[in-house]
Amino acid sequence: MITSELAALGGLAVAAFLAATLLPGGSEAVFAGVLALHPELGLAALLVATLANTAGGMSTYLLGRLLPRKEVPARLATVQRWGSLSLLLSWAPLLGDALCAAAGVLRLNWLACMLWMAIGKGLRYAAILWLMA
Numbered sequence: 001m002i003t004s005e006l007a008a009l010g011g012l013a014v015a016a017f018l019a020a021t022l023l024p025g026g027s028e029a030v031f032a033g034v035l036a037l038h039p040e041l042g043l044a045a046l047l048v049a050t051l052a053n054t055a056g057g058m059s060t061y062l063l064g065r066l067l068p069r070k071e072v073p074a075r076l077a078t079v080q081r082w083g084s085l086s087l088l089l090s091w092a093p094l095l096g097d098a099l100c101a102a103a104g105v106l107r108l109n110w111l112a113c114m115l116w117m118a119i120g121k122g123l124r125y126a127a128i129l130w131l132m133a
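Heads up: the sequence shown at position 42 corresponds to 42 in our numbering, and the numbers run straight through without jumps.
In structure tokens form, the structure reads like this:
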């Protein structure tokens, strides 16, 4: 891989990580830009974006987990009902960050959360990759 490809994947990783934290922003445009400039990086970009976005989501999960646990607020009842499976929607704007934090507050199993989160986020990037092919 040449330097521009590594830089593209590195920038994508940063954008995908930050987009999954409580900071505002999205990584879909960066992902699409990488694919437009380097179509040969499709699979690598998919893996990098999914891993980095999942890592960002797990950082939000950890922040939620660090909050002292008290009574579970009523607004977390849906997440509590569906458990880690609800993190399939962790890719959704605004809702996704809240789901990741709620999973942490509820002390849901971190490994199951990471798995469902990665699946949801990966499917979103795979859809973009498919649309651009």
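We treat Cβ as the ideally placed atom computed from N, Cα and C, and that holds for glycine.
This one's a predicted model, so the numbers in the text were calculated from it and none came from an experiment.
Over the uninterrupted alpha helix (DSSP H) stretch that includes S4, give me the two end residues. Counting from one through the sequence shown, the residue named residue 4 turns up at place 4. Where S4 is concerned, the enclosing alpha helix (DSSP H) stretches over T3 to A19.
Could you compute how far the alpha carbon of G83 sits from the alpha carbon of A103? The residue you call residue 83 lines up with position 83 of the sequence shown. The residue you call residue 103 lines up with position 103 of the sequence shown. Going from the Cα of G83 to the Cα of A103 covers about 8 Å.
Since L41 contacts A8 with CB under 8 Å, what's their CB separation in whole angstroms? Along the sequence shown, one-based indexing puts residue 41 at 41. Along the sequence shown, one-based indexing puts residue 8 at 8. With 8 Å as the limit, L41 and A8 qualify as a contact, their Cβ atoms being about 7 Å apart.
Hey, out of L12, L94 and V105, whose CA is closest to G33's CA? Here residue 33 is taken as the residue at index 33 of the sequence shown, counted from 1. Per the Cα distances, L12.
For R124, three-class secondary structure by DSSP: By one-based count along the sequence shown, residue 124 stands at place 124. The answer is helix: DSSP assigns R124 an H, G or I state.
Buried/exposed call for A16, threshold 16 Cβ in 10 Å: Looking up residue 16 in the sequence shown gives position 16. The residue is buried, with at least 16 neighbouring Cβ atoms inside 10 Å.
Which residues bound the alpha helix (DSSP H) around N109? Here residue 109 refers to the residue found at position 109 when the sequence shown is read from its first residue. Here N109 belongs to no alpha helix (DSSP H), and DSSP marks it neither H nor E.
My guess is that L91 and K70 are in contact by the Cβ rule of under 8 Å, so how many angstroms apart are they, rounded? Numbered from its first residue, the sequence shown carries residue 91 at position 91. Numbered from its first residue, the sequence shown carries residue 70 at position 70. As written in the sequence, residue 91 is Trp, which differs from the Leu given in the question. With 8 Å as the limit, W91 and K70 do not qualify as a contact, their Cβ atoms being about 29 Å apart.
Output needed for A44: all residues of its chain with C-beta closer than 7 Å, excluding positions within five of it in sequence on either side, in chain order. Numbered from 1 along the sequence shown, position 44 holds the residue referred to as residue 44. Counting only Cβ-Cβ distances below 7 Å, and skipping sequence neighbours, we find L9.
Quick check on DSSP: helix, strand or coil for R69? Position 69 of the sequence shown, counting from 1, holds the residue named residue 69. Coil.
Would you check if the region 21-39 and the region 73-89 touch, i.e. whether three or more CB-CB distances between them fall below 8 Å? no
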